[in-house]
Amino acid sequence: GQQLNQSPQSMFIQEGEDVSMNCTSSSIFNTWLWYKQDPGEGPVLLIALYKAGELTSNGRLTAQFGITRKDSFLNISASIPSDVGIYFCAGRDSGAGSYQLTFGKGTKLSVIP
Amino acid sequence: DSGVTQTPKHLITATGQRVTLRCSPRSGDLSVYWYQQSLDQGLQFLIQYYNGEERAKGNILERFSAQQFPDLHSELNLSSLELGDSALYFCASSQDRAQHFGDGTRLSIL
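If you read the sequences in order, they're chains Z and B. Residue numbering for the first sequence follows our numbering, beginning at 226 and increasing consecutively. Residue numbering for the second sequence follows our numbering, beginning at 4 and increasing consecutively.
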């Protein structure tokens with residue numbers, strides 16, 4: 226089956242620093258999504274990417290859909306304490322008309338004030 | 004608030020029992036997805052319904068079943084529960100390729 230490798234697994238950064246995390250896939254996806262999950266809550270959609278090469282921003286967050294369609298990265302600029310949480314990438318393969326998502330294992334972000 | 008509502012928030016039961024988890028999708032979303040999240044397996048896709056019809060199946064056990072009703076709400080039924088079924092169960096809904104998640108049901112099997 227499809228596998229997503231998300232790295233790093235965890236990060237400790239100082240408030241104000243920039244953060245970068247990425248995902249690579251063993252197969253081609255036609256959609257990449259980035260989510261943030263806080264304890265006790267469901268994943269919240271941050272950015273959706275639909276085309277290879279697409280670069281999209283949402284406030285301090287920027288994500289890109291890799292040209293090979295097998296990877297994506299998420300950058301967070303000027304981190305703040307509320308950025309703490311687990312970030313997940315997810316990819317969708319449109320084969321067989323299914324919209325199911327494959328998720329990475331997550332990047333746990335800790336921000337030191 | 005994603006607009007996806009899941010009930011109950013917490014469920015505690017015993018092995019061998021059966022439970023039903025409920026999901027109301029965002030207004031206008033025809034697709035509903037169920038996921039299981041456990042510490043060692045991450046988020047795993049279980050099943051998808053679109054406008055009342057099953058669309059895709061993932062790693063869903065035979066002891067588990069789901070349905071989507073005419074008003075588009077969905078239920079996930081888990082039977083003959085085992086200790087390993089303890090997990091967070093999420094429902095997501097979508098109109099297009101982006102899925103929006105509820106806050107989940109935490110199932111604990113004693």
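Note that beta-carbon positions come from the ideal geometry of N, C-alpha and C, so glycine has one too.
Residue i - DSSP class collapsed to helix/strand/coil
i              : result
residue 296(Z) : strand
residue 49(B)  : strand
residue 310(Z) : strand
residue 286(Z) : strand
residue 241(Z) : coil
residue 87(B)  : helix
residue 72(B)  : coil
residue 17(B)  : coil
residue 38(B)  : strand
residue 304(Z) : coil
residue 425(Z) : The displayed coordinates of chain Z run from 226 to 338. Any statement about residue 425(Z) would go beyond what the structure contains.
residue 80(B)  : strand
residue 54(B)  : coil
residue 31(B)  : coil
residue 105(B) : coil
residue 113(B) : coil
residue 255(Z) : coil
Under 8 Å between C-beta atoms of residue i and residue j
i              : j              : result
residue 2(B)   : residue 96(B)  : Examination of residue 2(B) is not possible in this model, given that chain B is present from 4 through 113 alone.
residue 51(B)  : residue 39(B)  : no
residue 255(Z) : residue 317(Z) : yes
residue 49(B)  : residue 108(B) : no
residue 331(Z) : residue 45(B)  : yes
residue 337(Z) : residue 239(Z) : yes
residue 259(Z) : residue 303(Z) : no
residue 270(Z) : residue 90(B)  : no
residue 280(Z) : residue 299(Z) : no
Distance between beta carbons of residue j and residue i, contact taken as under 8 Å
i              : j              : result
residue 244(Z) : residue 301(Z) : 4 Å
residue 267(Z) : residue 67(B)  : Not quite, the Cβ-Cβ distance comes to about 19 Å (not below 8 Å), so this is no contact.
residue 308(Z) : residue 334(Z) : 6 Å
residue 329(Z) : residue 229(Z) : 4 Å
residue 314(Z) : residue 234(Z) : Their Cβ separation, rounded to whole angstroms, is 13 Å, which puts residue 314(Z) and residue 234(Z) out of contact at 8 Å.
residue 84(B)  : residue 16(B)  : 6 Å
Touch test, the region 19-29 of chain B against the region 76-96 of chain B, Cβ-Cβ under 8 Å, three pairs minimum: The region 19-29 of chain B is in contact with the region 76-96 of chain B.
Segment contact, 8 Å Cβ cut-off, at least three pairs: the region 5-17 of chain B with the region 325-337 of chain Z: When Cβ pairs closer than 8 Å are counted between the two stretches, the region 5-17 of chain B is seen not to touch the region 325-337 of chain Z, the count staying below three.
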